[in-house]
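The sequence shown begins at 1 in the UniProt record's numbering and counts up by one. For glycine and all other residues, C-beta sits at the position ideal for the given N, C-alpha and C. First comes the structure, then the notes that go with it.
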Amino acid sequence: MKPLVSIILVSYNTRDYTVKALKSAINSRGFKAGEIEVIMIDNNSPDDTVKFIKKNLPQVKVIANKDNRGFGGGNNQGADLAKGKYLLLLNPDAFLEPDSLRIMVGIMEKRQNVVSVGPQLHFADGSMQQSCGYLPTPFRVMAWMWWLDKIPLVKLLFATPYHVFDLDWHKKDRYPEWLMGACVLFRCDEFLSAGGFDEKIFMY
1 MKPLVSIILV SYNTRDYTVK ALKSAINSRG FKAGEIEVIM IDNNSPDDTV
51 KFIKKNLPQV KVIANKDNRG FGGGNNQGAD LAKGKYLLLL NPDAFLEPDS
101 LRIMVGIMEK RQNVVSVGPQ LHFADGSMQQ SCGYLPTPFR VMAWMWWLDK
151 IPLVKLLFAT PYHVFDLDWH KKDRYPEWLM GACVLFRCDE FLSAGGFDEK
201 IFMY
């Protein structure tokens with residue numbers, strides 16, 4: 001059975017976080033057996049991540065690199081191996097809620113014009129983390145630096161702010177210009193046809 005979703009996690013020396021993230025992915029609700037494929041790319045971790053995952057999470061496909069290929073290189077490597085229609089890139093310190101993946105895939109299935117979806121991220125204490133935003137322009141940067149986009153009524157003029165920390169803004173689906181790479185779902189063929197990440201950028 002061909003998987004519906006391939007989940008790629010790039011690890012480096014973060015065994016405990018990685019285990020928690022992988023388990024959150026494996027335990028995603030709303031999928032039949034075989035619909036989720038999990039691939040871990042380890043960037044030559046000096047700890048025992050690879051050994052531990054192979055022993056304790058045998059359903060995870062583990063690729064152990066002999067060098068550190070960085071964020072872009074590791075994710076590109078995983079994407080090349082992926083067999084799923086959709087590709088979820090998940091950081092080792094990002095943990096899925098049980099229904100998060102089902103909701104994201106549902107959006108992609110319904111909206112064929114959408115090629116990537118990101119969830120609302122939260123910090124460990126439950127506070128909101130900026131999950132998306134818009135590319136900087138002189139107008140957006142000026143509004144952000146002078147706090148103009150925080151003034152009641154005036155902020156209504158800024159429908160596409162440079163930084164988005166307003167809780168009310170996140171209550172609706174949005175079409176931002178960038179998504180946080182900690183957890184993002186792509187159509188796999190679109191990701192590959194675009195060439196994946198620029199591997200000259202090691203992290204960000």
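- Residue 30 is positioned such that its CB atom lies no closer than 8 angstroms to that of residue 89.
- Per DSSP, residue 203 lies in no alpha helix (DSSP H) segment and is marked neither H nor E.
- With a beta-carbon spacing of about 5 angstroms, residue 38 and residue 60 fall inside the 8 angstroms limit used to define contacts.
- Residues 187 and 190 of the same chain have their beta carbon placed closer than 6 angstroms to that of residue 115, with the five preceding and five following residues left out of the count.
- The region 169–184 makes contact with the region 89–109; the number of CB pairs closer than 8 angstroms reaches 3 or more.
- Residue pairing of residue 86 in beta bridges, as defined by DSSP: 5 and 187.
- In the three-state DSSP reduction, residue 40 falls in the strand class (E or B).
- DSSP places residue 53 in the uninterrupted alpha helix (DSSP H) bounded by 49–56.
- Under the DSSP assignment, residue 143 falls in the alpha helix (DSSP H) whose first and last residues are 138–145.
- For residue 151, no beta strand (DSSP E) segment is defined, and its DSSP state is neither H nor E.
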